[in-house]
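Enquirer: Mind the numbering: the sequence shown is residues 4 to 483 in the working numbering, read in order. Backbone N, C-alpha and C fix where the C-beta goes; we use that ideal spot for every residue, glycine too.
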Amino acid sequence: MTVRVRIAPSPTGNLHIGTARTAVFNWLFARHHGGTFILRIEDTDLERSRPEYTENIMTGLRWLGLTWDEGPFFQSQRLDLYQKAVKQLLDQGLAYRCYTTSEELEALREGQKAKGEAPRYDNRHRNLTPEQEAEFKAQGRSFVIRFKIDDEREIIWNDLVRGKMSWRGSDLGGDMVIARASADGAGQPLYNFVVVIDDIDMQISHVIRGEDHIANTAKQILLYEAFGAKIPEFAHTPLILNMEGRKLSKRDGVTSISDFKQMGFTSEGLVNYMTLLGWSPPDSTQEIFTLEAAAKEFTFERVNKAGAKFDWAKLDWLNSQYIHNTPVDQLTDLLIPYWEAAGYSLAGGRDRPWLEQLVGLLSASLTRLTDAVDMSKLFFSETVELSEEGSKQLQQEGSKAVLEAIIAALEAQAQLTETSAQDIIKQVVKAQNVKKGLVMRSLRVALTGDVHGPDLIQSWLLLNQIGLDKPRLSQAIAVS
Ligand code: GLU
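#1: Who are the Cβ neighbours of SER13 in its own chain at under 6 Å, not counting the five residues just before and after it?
#2: State buried or exposed for LEU49, treating a residue as buried only when at least 16 other CB atoms are found within 10 Å of its CB.
#3: Any idea what DSSP makes of GLN468, helix, strand or coil?
#4: Please name the residue in PHE292, MET266, PHE139, LYS222 whose C-alpha comes closest to that of ASP153.
#5: Would you list, in sequence order, the uninterrupted alpha helix (DSSP H) runs of no fewer than 4 residues that lie entirely inside the stretch 396-456?
#6: Given this structure, state the Cα-to-Cα distance separating ASN307 from HIS239, to the nearest angstrom.
#7: Beta carbon of GLU45: closer than 6 Å to some heavy atom of the ligand GLU?
#8: Could you tell me if the beta carbon of VAL6 falls within a distance shorter than 6 Å of some heavy atom in the ligand GLU?
#9: In terms of residues, what are the limits of the alpha helix (DSSP H) holding MET277?
#10: Could you have a look at ILE152 and say whether DSSP puts it in helix, strand or coil?
#11: Where do the ends of the beta strand (DSSP E) carrying ILE217 lie?
#12: Taking buried to mean at least 16 other C-beta atoms within 10 Å of its own C-beta, is ASN29 buried or exposed?
#13: Considering only their Cβ atoms, is the gap separating VAL387 from GLY363 smaller than 7 Å?
#14: Taking the CB atoms as reference points, tell me whether PRO235 and ILE207 lie closer together than 7 Å.
#15: Just to confirm, does ALA298 get its C-beta within under 6 Å of one of the non-hydrogen atoms of the ligand GLU?
#16: Taking 6 Å as the cut-off, does the CB of PRO12 come closer than this to any heavy atom belonging to the ligand GLU?
#17: Take every Cβ of the stretch 55-75, pair it with every Cβ of the stretch 259-267, and state whether three or more of those distances are shorter than 8 Å.
#18: Any heavy atom of the ligand GLU inside 6 Å of the beta-carbon of ARG212?
#19: Let's test the definition: count the other Cβ atoms within 10 Å of the Cβ of THR132 and tell me whether it reaches 16, buried, or not, exposed.
This is how it looks when you write it as structure tokens:
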């Protein structure tokens, strides 16, 4: 079987999670069959399409690893092809010019509504005589091109996800508009039409898209027939729902792939999660896998019909697994842009080895990459903010003397190491005759401002390397 599939986003917004998930399924299916994955930008809506959205879509797909083999093709550059196809249908008598005005259509809809009927075009201009047409033109009416839909038809297809689907021609809203008049008189072909022309031209074997397109599929099948073209297989994938079972929307805080990136998700964690939105591998206990591994197992038999609930906790868990398993040097590369975006300066001794040491310290505590921003703030700022608990700790009896003893011991050190840091603590415990806990807590507060935080010795070493430990100890002594 030669598999050719496509993702066909409209560049009227950033790459949406729903579109990206559809792209995932297309990609997996193409790779499973050694087929071709095509990117087609559906930018026929010139008013709402923007080049920056096209850019965002392509960047997002690449970031997720959803590489395409052909394209991007732009519908706006293919108008000739569509106009020829419109003409062909007109010449064959399968389409016609409809001069019904918007007021007439409105009156028609009102009448249908009053009778409790579903709104539909009543095909009134299907068989105009040349005289009638001339009359409408003389009145200065503009026209649309409608494709004839036989009310008696039953449209049936075997959906790869949903099984046998059937749709009555009479439920498709009457003869469908395939092109509108345009200022240049050449006509502006519409979505349901150009999709079919492109899918025929690009020899798409399987149309894999969201279930919100089911009604379009019924109409599109009639167009394939009109052109005598081979009808592709269809797979309508389940919608993504929120935890309450409603369609995921902006209100759920979920928008585009670039937002997910900004929120600190890794591309691998996110794309792994999206793969599980409506699909599961044959071994359903297996949850962590690469796109390539999923592609080996991907079949539509394992795609659910029911909507897929978007579970933030699960996404967070998967993301944390990827972060914890990312080697320190790669994780450092991933984190640097977040630190830079937060305005942290990497100057002042914060060189690559130092940054990698910091990443090693934080890695296991990160769920999202953005967590590193807050967690590492104390390593990038000159001074620390004292928490309430921290402040209390510095007021404890003996705290000040402990900190003074630590500074004195530090003065005698050429370079602090893990061993010498431990030794200083032991030495101070002994000399001051205090509990180790007091020394550790006071030191932690002096260095970090708080009583909780990452490994103390490692934090100390990091601060020592950039010369911030002594000033912080002095500052703490001043307030204790
Ligand atoms: N441009 C359509 C969309 O963004 C694509 C539909 C299709 O895949 O046929 O929803």
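Expert: Answer, in terms of the structure:
#1: GLU45
#2: exposed
#3: helix
#4: LYS222
#5: 402-414, 421-435, 439-451
#6: 10 Å
#7: yes
#8: no
#9: 270-278
#10: coil
#11: It is not in any beta strand (DSSP E) - ILE217 instead sits in the alpha helix (DSSP H) that spans 217-229.
#12: buried
#13: no
#14: yes
#15: no
#16: yes
#17: yes
#18: yes
#19: exposed
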